[in-house]
Amino acid sequence: MSEEKTNLSELPTTAIDSPTSQTLEYWFEYPVRVQPHHTDYLGVVWHGTYIAWMEEARVECLRSIGVEYADLVALGCDLPVVELSLRYHRSIQLGMVAVVKTRMTEVTSVRINWDYVIESPDRQQLYVTGKVTLVAVDRERGKVMRQLPENVQDMLAKISASLNK
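Put into structure tokens, the structure is as follows:
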């Protein structure tokens, strides 16, 4: 990975929006410290670790506004990841601290989109940007729902309102 400063406007993909184009006060922040089990043999964070951190941040974001992920599941609705896009900008080393920032950006009939930025605590180093799309799946039937159940829609409206204050 290049250790040069990344110009986000020159990235070759449109799958991941530039985090600087958004108002940052809307982001939920989840700090992490790189532990040995997060890294490869060279002490660099393994690529799959970022995905785990993103999910932890998403679940904690929900919890911070009073929505337990287990409650969503109890309503009969699973929210599996169906699309994931990451851009690695700079590596993170063993012992370093980073901040995983997340926010829900859009809810359609059954899709829920989240954005992510992983950066240094002083916001001077950008490590990873990403997007995740979840879909609502009926747990009993194991099929994608055509529309979110009303009680799940209510929970997501609460999330959206809390994150976009």
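Under my numbering, think of the first position of the sequence shown as 71, with each following residue one higher. Just so it is clear, CB atoms sit at the ideal spot from N, CA and C, and this is done for glycine as well.
Check this for me: beta carbons of Tyr197 and Arg160, under 9 Å apart or not? yes
At least one CB of chain D closer than 9 Å to the CB of Phe98: is that the case? The question asks about chain D, but that chain is absent: this structure has only one protein chain.
Where do the ends of the alpha helix (DSSP H) carrying Ile121 lie? 117-134
Contact check, Glu125 vs Val102, beta carbons under 9 Å: Using a Cβ distance threshold of 9 Å, Glu125 and Val102 do not count as a contacting pair.
Classify Thr118 as buried or exposed, calling it buried when 16 or more other Cβ atoms lie within 10 Å of its own Cβ. First, the amino acid is wrong: residue 118 is Gly here, not Thr. It is exposed - the Cβ of Gly118 has fewer than 16 other Cβ atoms within 10 Å.
Look up Tyr111 in the DSSP assignment and say whether it is helix, strand or coil. coil
Does the Cβ-Cβ distance between Arg133 and Trp184 come in under 9 Å? No, these two residues do not count as a Cβ contact at 9 Å.
Apart from the five residues on each side of it in sequence, which residues of its chain come closer than 7 Å, Cβ to Cβ, to Thr93? Note that Thr93 has pLDDT 39, beneath the 50 cutoff, so the model's placement of it is unreliable and no number is given.
How about Val167 and Tyr186: are their beta carbons less than 9 Å apart? no
Identified DSSP bridge partners for Thr172: The beta-bridge partner set that DSSP reports for Thr172 consists of Phe98, Tyr186.
Distance CB(Gln217)-CB(Leu164) smaller than 9 Å: Judged by their CB atoms, Gln217 and Leu164 are not nearer to each other than the 9 Å cut-off.
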